[in-house]
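Residue numbers (full-length UniProt numbering): 1 to 561.
All C-beta atoms in this analysis are idealised placements derived from N, C-alpha and C, irrespective of residue type, glycine included.
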């Protein structure tokens, strides 16, 4: 209801008002002012004020371009003749195929490694910060790529998948978390969904390279794509060394003075918004203090306690529904189209178009968000569209054998249609949702848990998909669409009842809405006053000691307004 109002009333606490350092009224006032300015900031004002934050976020998100390139090689080599000849077995028809069991094993190797990496990320990122964690992952990846390049059998490929999966898992969450923390509300949805563009760009580059190698008959047809993975880490490490750390992470560590310096590196002079760095840091301090009141701890166990259980559940499902709506089915696009009757060359050409749409679709999602369409609405209606396309794909399995080529072309066209709907909605918006819905204290761990669940669902899918499509196994071909269409329909029901709308909310407001148990369907219309009561005094007192250092630093530096 639009007139419903929730306040962040803290438990009554004794405050010594004779000591200003204990009450910190300036922190509350500054936090309120910064929150109001952020919520009233337009998209263009955000770009003008935070151009450096946009640039740094884009740089760090480029890690996903590298990962998209690496991962697309895994599933799309299954339709690659030279790769199959090296690692597969001779079939009765004279072709070579890697068995469905080994296809599942290779795909799951990357998933298993990613799950381990995701779990480690919840500790590494919070302990060492985002920058150093990513740099360490790059160094590890440089060594592991050697296994791909020199692999003599599928066993070596499996080892490479698992070892490279460790940093891949970390990249999957750390990039979107960084983007959500360095940008204001006006830019948050755009730069978190940009991560999905990076997936598409990496996949497009990978498929393009595979397409260019399809006519080679020697071992370099697959060694060159593996070797090109080395071009990414070094330039990215240089950029990461120069990038500022997340000011939110610095505040959580009590390094408020460093958070102020980091914030100044993310912003530019812009009088139009009346920006005040001290106010923005105060908002971070207030939100951190509020969340410490609402959340007992910051371990993985705390993600499943109290109100955070709901937040963790939703984040897990938002991630998982990407796989449950046919995404894993789409990941085998070249192999699927080849089994539907299309030549390998044409299958890779269709995949190029599909991954190009993955990139363009993100800009389409930005356009829809700029018209004021909420994340919940985009996600819900997107699932409805995907369910419809998947069912139509299933019906194409009824096409007679005599018209198999026409059916394959129709299937390819529908898969491109599926990609359009997916990237406009579920594929892009999920990155914004998972970065906004967790609490700041537990964000890294909650997003990691969500992606772990995504990986577990991916493992199940990676076991099922080869058997569904492989002609030596179940050979469902197009009928696979019926299976995923039914699963997608269940996702529609879940989304309607459980997924809230975070659009336009500060992190503190979202925390209060979850704390008060507001229904997912009422998130968008419920009014919130997070400054109704002061947060726990001992938390602000602890942070204020660092805040005093910030004031001293600011007095020595020119004002940034």
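> For residue 488 versus residue 361, is the C-beta distance shorter than 8 Å?
Replying inline: no
>> What residue range does the beta strand (DSSP E) around residue 529 cover?
In response: 527-529
> What is the DSSP secondary structure of residue 269, reduced to helix, strand or coil?
Replying inline: coil
> Going straight from the alpha carbon of residue 194 to that of residue 64, what length do you get?
Replying inline: 10 Å
> Would DSSP call residue 88 helix, strand or coil?
Replying inline: coil
>> What does the alpha-carbon distance come out to for the pair residue 530 and residue 464?
In response: 47 Å
> Using the beta-carbon count (16 or more within 10 Å), is residue 304 buried or exposed?
Replying inline: exposed
> Just reading off the alpha helix (DSSP H) that residue 229 is part of, what are its end residues?
Replying inline: No alpha helix (DSSP H) contains residue 229, which DSSP labels as neither H nor E.
>> Judging by CA-CA distance, which residue of 502, 154 and 119 is the nearest neighbour of residue 521?
In response: 502
> In its own chain, which residues sit with a C-beta less than 7 Å from the C-beta of residue 319, not counting the 5 before and 5 after it?
Replying inline: 430, 434, 450, 451, 453 and 454
> Shortest alpha-carbon distance to residue 48 belongs to which of 440, 187 and 100?
Replying inline: 187
> Around the Cβ of residue 345, are there at least 16 other Cβ atoms within 10 angstroms (buried) or fewer (exposed)?
Replying inline: exposed
>> What residue range does the alpha helix (DSSP H) around residue 501 cover?
In response: First-last for residue 501: undefined, no H or E at that position.
> Thinking C-beta only, is residue 145 closer than 8 Å to residue 564?
Replying inline: Here the chain comprises residues numbered 1 to 561, so residue 564 is not present and cannot be evaluated.
>> Within 8 Å, do at least three Cβ pairs link the region 437-448 to the region 301-317?
In response: yes
>> The alpha helix (DSSP H) that contains residue 378, what's its start and end?
In response: 375-395
>> Can you look up residue 96 in the DSSP assignment and give me helix, strand or coil?
In response: strand
>> Just to confirm my understanding: we take residue 86, look at its own chain, exclude 5 residues before and 5 after, and list those with CB closer than 8 Å. What are they?
In response: 219 and 222
> Taking Cβ positions, are residue 389 and residue 414 nearer each other than 8 Å?
Replying inline: yes
> residue 40 to residue 172, Cα distance in whole Å?
Replying inline: 31 Å
> With a Cβ-Cβ cutoff of 8 Å, do residue 456 and residue 348 count as a contact?
Replying inline: no
> Buried or exposed: which applies to residue 55, given that a residue is buried once 16 or more other Cβ atoms fall within 10 Å of its Cβ?
Replying inline: exposed
> Excluding the five sequence neighbours on either side, which residues of its own chain have a C-beta within less than 6 Å of the C-beta of residue 557, listed in chain order?
Replying inline: Because the pLDDT at residue 557 is just 42, under 50, the model does not fix this residue reliably, and the value given afterwards should be weighed accordingly. Nothing meets the Cβ criterion.
> Excluding sequence positions up to five away, which residues of its chain have a Cβ less than 7 Å from the Cβ of residue 162?
Replying inline: 109, 112 and 113
>> Can you look up residue 431 in the DSSP assignment and give me helix, strand or coil?
In response: helix
> Hey, is the region 261-270 in contact with the region 229-246, meaning 3+ C-beta pairs nearer than 8 Å?
Replying inline: yes
> Apart from the five residues just before and just after residue 509, which ones in its own chain have a Cβ nearer than 7 Å to its Cβ?
Replying inline: 528 and 530
> How would you write the range of the alpha helix (DSSP H) that residue 42 sits in, first residue to last?
Replying inline: Premise fails: residue 42 is in no alpha helix (DSSP H) and is neither H nor E.
> Mapping DSSP to helix, strand and coil, what is residue 415?
Replying inline: helix
> In terms of alpha-carbon separation, which member of 377, 66 and 351 lies closest to residue 644?
Replying inline: Past the boundaries of the shown model lies residue 644; the chain is included only from 1 to 561, so the question cannot be answered.
>> Just to confirm before moving on: does the CB-CB distance between residue 525 and residue 38 stay below 8 Å?
In response: no
> Do you know whose CA, among 321, 342, 411 and 476, lies nearest residue 494's CA?
Replying inline: 321
>> Nearest by alpha-carbon distance to residue 60: which of 432, 518, 82 and 238 is it?
In response: 238
>> Please classify residue 513 as buried or exposed, where buried requires at least 16 neighbouring CB atoms within 10 angstroms.
In response: buried
> Would the beta-carbon of residue 57 fall within 8 Å of that of residue 182?
Replying inline: yes
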